[in-house]
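Just so we're aligned, residue 1 is where the sequence shown starts under full-length UniProt numbering, counting upward by one. Where a beta carbon is used, it is the ideal one built from N, C-alpha and C, also for glycine. This one's a predicted model, so the numbers in the text were calculated from it and none came from an experiment.
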Amino acid sequence: MAYCAISSNLFLYLTTRLHQGTVTAANNVTNWVGTIWMTPILGAYMADAHLGRYWMFLIACAIYLTGMCLLTLSVSVPGLRPPTCDTTGDCKISTLQYGMFFGALYTLAVGTGGTKPNISTIGADQFDDFEPKEKARKLSFFNWWMFTIFVGLLFGNTVIVYIQENVGWSLGYGIPTVGLAISITVFLAGTPFYRHRKPAGSPFTRMAKVIVAAARKWSVTIPSDSKELYEIDLGHYTNGKTRIDSTPTLSRHEGAIWWNVKGTEAAGGWSWVAEGQVDGGDKKIGFEN
1 MAYCAISSNL FLYLTTRLHQ GTVTAANNVT NWVGTIWMTP ILGAYMADAH
51 LGRYWMFLIA CAIYLTGMCL LTLSVSVPGL RPPTCDTTGD CKISTLQYGM
101 FFGALYTLAV GTGGTKPNIS TIGADQFDDF EPKEKARKLS FFNWWMFTIF
151 VGLLFGNTVI VYIQENVGWS LGYGIPTVGL AISITVFLAG TPFYRHRKPA
201 GSPFTRMAKV IVAAARKWSV TIPSDSKELY EIDLGHYTNG KTRIDSTPTL
251 SRHEGAIWWN VKGTEAAGGW SWVAEGQVDG GDKKIGFEN
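Here it is as structure tokens:
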């Protein structure tokens with residue numbers, strides 16, 4: 001709801017309150033939206049490789065809430081709020097007012113980078129796919145998850161937009177700020193009951209290993225017996241990692257997982273990789289249709 005409440009009327013605010021031209025305002029909107037959709041790449045990487053999803057999400061929520069609070073202050077406090085432009089007033093916007101507003105926008109954009117890719121995966125982590133009942137509950141969870149998202153979008157695009165245009169920007173930004181604070185509080189209240197998945201390492205490193213191993217074995221003849229393909233012990237997958245089943249479309253990349261059973265080739269992390277890792281690497285870089 002918070003993102004929708006801002007993005008829906010951002011162009012209008014830039015043109016009517018910050019008195020920007022349509023070209024400048026449109027450029028600022030697209031730059032901000034582009035940042036919103038680029039930062040989740042970094043947020044997902046930090047969660048998967050270093051901090052874990054819970055802590056990455058929590059840190060991002062704090063940044064997001066800080067940005068929303070600053071944004072609300074920038075449209076509410078007289079010294080930070082842009083002046084109303086009329087026939088007698090001064091329409092000049094100060095550097096402080098510009099800096100406060102855009103600083104708040106990009107602060108919450110950074111926060112979005114940590115919340116957007118992790119909140120749904122945190123929810124998915126609470127269910128065990130190997131338990132039929134929990135697997136069914138997981139499907140129900142995502143149904144309700146999408147329902148609440150669209151309710152928030154509807155509320156943000158109708159009620160909040162109406163308040164911003166007809167009541168005031170302070171209340172129009174204040175409501176989603178309070179809503180965000182409440183949602184973070186509710187999330188924190190459930191902390192003792194969450195299942196936490198440990199960071200599994202950088203997905204980019206695993207993808208690079210697949211490419212390097214495949215390049216090293218480009219001329220290797222792929223065995224017809226799938227048992228000769230290297231696979232990690234099943235205990236590896238119980239440590240917070242999910243096994244990706246083999247697919248019939250691996251072709252050349254299966255060379256990355258074949259190794260000499262007689263031990264004539266030294267084993268190493270960049271010499272051969274697991275079958276599931278190859279399938280995962282193919283999916284990441286688009287080899288699968």
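Under the 8 Å Cβ criterion, the stretch 114-123 counts as touching the stretch 54-66, having at least three qualifying pairs. ILE182 sits exposed, since fewer than 16 C-beta atoms from the chains shown fall within 10 Å of its C-beta. With a beta-carbon spacing of about 6 Å, GLY123 and PHE141 fall inside the 8 Å limit used to define contacts. For the pair of segments examined, the stretch 143-150 was found not to touch the stretch 46-57: the number of CB pairs separated by less than 8 Å stays below three. Below 8 Å, too few C-beta pairs join the stretch 27-46 and the stretch 164-172 to call them touching: fewer than three.
When DSSP states are grouped into helix, strand and coil, ASP128 belongs to the coil group. In summary, THR72 is buried, with 16 or more beta-carbon neighbours lying within 10 Å of its beta-carbon over all protein chains present. Pairwise C-beta distances place the stretch 150-166 out of contact with the stretch 186-200, as fewer than three of them are shorter than 8 Å.
ARG195 sits exposed, since fewer than 16 C-beta atoms from the chains shown fall within 10 Å of its C-beta.
Taking all protein chains shown into account, THR107 has 16 or more neighbouring C-beta atoms within 10 Å of its C-beta and is therefore buried.
By the neighbour-count criterion, in which a residue is buried when 16 or more other Cβ atoms sit within 10 angstroms of its Cβ, VAL75 is buried. Out of THR95, GLN126, ILE93, the CA that lies nearest to the CA of TYR54 is found in GLN126.
Sequence-distant partners of LEU180 (beyond 5 residues in either direction) whose C-beta falls short of 6 Å from its own C-beta, in its chain, are ALA2, LEU65, MET68. Using a Cβ distance threshold of 8 Å, ALA25 and THR15 count as a contacting pair. In this structure, PRO82 sits near GLN97, with a CB-CB distance shorter than 8 Å. Unbroken alpha helix (DSSP H) stretches of 4 residues or longer found wholly inside the stretch 95-152: 95-115, 119-125, given in chain order.
Boundaries for SER8: no alpha helix (DSSP H) harbours it, and the DSSP string shows neither H nor E there. Under the three-state reduction of DSSP output, CYS91 falls in the coil class, being neither helix nor strand. DSSP, reduced to helix, strand and coil, places GLN20 outside both helices and strands of the structure shown, so it counts as coil. Rounded to whole angstroms, the Cβ separation of LYS198 and GLY52 is 6 Å, and the two are in contact under 8 Å.
Out of PHE130, PHE11, CYS4, LEU58, the CA that lies nearest to the CA of THR22 is found in PHE11. In the structure shown, TYR162 adopts helical secondary structure according to DSSP, grouped into three states. Assignment of GLY156 by DSSP, reduced to helix, strand and coil, places it in the helix class. Rounded to the nearest whole angstrom, the C-alpha separation of ALA5 and THR95 is 25 Å. Excluding five sequence positions before and after GLY174, the CB atoms of its chain that fall closer than 7 Å to its own CB belong to THR72, given in chain order. Looking at the backbone, the Cα of GLY201 and that of ILE119 are separated by about 19 Å.
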